[in-house]
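Some notes on the structure that comes next.
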Amino acid sequence: MARTLVLLKPDAVRRGLVGEILSRFEAKGLTIAAMEQRHVDGALADQHYAEHVERDFYPPLRAFVTSGPLVALVLEGDEAVEVVRALNGATDGRKAAPGTIRGDLSLSNRENLVHGSDSAESAEREIAIWFPQLAL
Ligand code: CMP
Numbered sequence: 001m002a003r004t005l006v007l008l009k010p011d012a013v014r015r016g017l018v019g020e021i022l023s024r025f026e027a028k029g030l031t032i033a034a035m036e037q038r039h040v041d042g043a044l045a046d047q048h049y050a051e052h053v054e055r056d057f058y059p060p061l062r063a064f065v066t067s068g069p070l071v072a073l074v075l076e077g078d079e080a081v082e083v084v085r086a087l088n089g090a091t092d093g094r095k096a097a098p099g100t101i102r103g104d105l106s107l108s109n110r111e112n113l114v115h116g117s118d119s120a121e122s123a124e125r126e127i128a129i130w131f132p133q134l135a136l
């Protein structure tokens, strides 16, 4: 069964959208294999976003993801990586299609509510960071 790492970012927690977003994943048929609310530090953010740390947008992204609690979870299901990315919608909430989480609920490229692993390899890397007890 495929697995993916999802973050409900601090904007989702602040705006009270955790239940709404989880409902969409559950209604689709995905299963929550692990879930935890965490307030992460910069070191964990750097590890998670290792491929972005040199990008111009990274310093404000780092400040944002460490700005308050987030909810990290592992979702399981058939083609979970691709299914979650489709449900999330395009990165920029302003451009994401209506019907997607970002398209319906976000108006920002940074504060886009959710993260989903971009490949099976990324999912295993990210699950090992957030939920080492579940790592293969
Ligand atoms: P995420 O799927 O978590 O992966 C990288 C994150 O960086 C992305 O969601 C956005 O939150 C953020 N991001 C990507 N591109 C930009 C950008 N051009 N400006 C600001 N934030 C961005």
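In terms of the UniProt record's numbering, the sequence shown is residues 1 to 136.
Idealized CB from N, CA, C, for every residue including glycine.
Under the three-state reduction of DSSP, which class applies to LEU87: helix, strand or coil? helix
CB of LEU61 to nearest heavy atom of the ligand CMP: below 7 Å? yes
My understanding is that GLY29 touches GLY77, with C-beta atoms under 8 Å, so please give their C-beta distance in whole angstroms. 6 Å
Could you round the C-beta distance between VAL18 and LEU7 to whole angstroms and report it? I think they count as a contact, below 8 Å. Actually they do not touch by this definition, with Cβ atoms about 11 Å apart.
Leaving aside the five residues before and after ILE101 along the sequence, list all residues of the same chain whose C-beta is less than 8 Å from its C-beta, in chain order. ILE21, ARG24, LEU87, ASN88, GLY89, LEU113, VAL114
Should the segment 36-50 be called in touch with the segment 62-70, which here means at least 3 C-beta pairs below 8 Å? yes
So the candidates are HIS39, GLU26, MET1; which of them puts its Cα closest to the Cα of TRP130? HIS39
Looking at the ligand CMP, does it come within less than 7 Å of ARG110, judged from the CB to the closest heavy atom? yes
Taking the alpha carbon of LEU5 as the point to measure from, which residue in SER117, PRO132, THR66 has its own alpha carbon closest? SER117
Any alpha helix (DSSP H) of 4 or more consecutive residues that is wholly inside the UniProt domain "Nucleoside diphosphate kinase-like" (1-134): 10-14, 18-28, 42-48, 58-65, 80-88, 101-105, 120-130
Short of 6 Å in beta carbon distance, which residues of its chain neighbour PRO69, apart from the five on each side in sequence? Order them along the chain. VAL13, GLN37, HIS39
Please report how far the alpha carbon of ASN109 lies from the alpha carbon of ALA45, in whole angstroms. 17 Å
Between HIS115 and the ligand CMP, is the CB less than 7 Å from at least one heavy atom? yes
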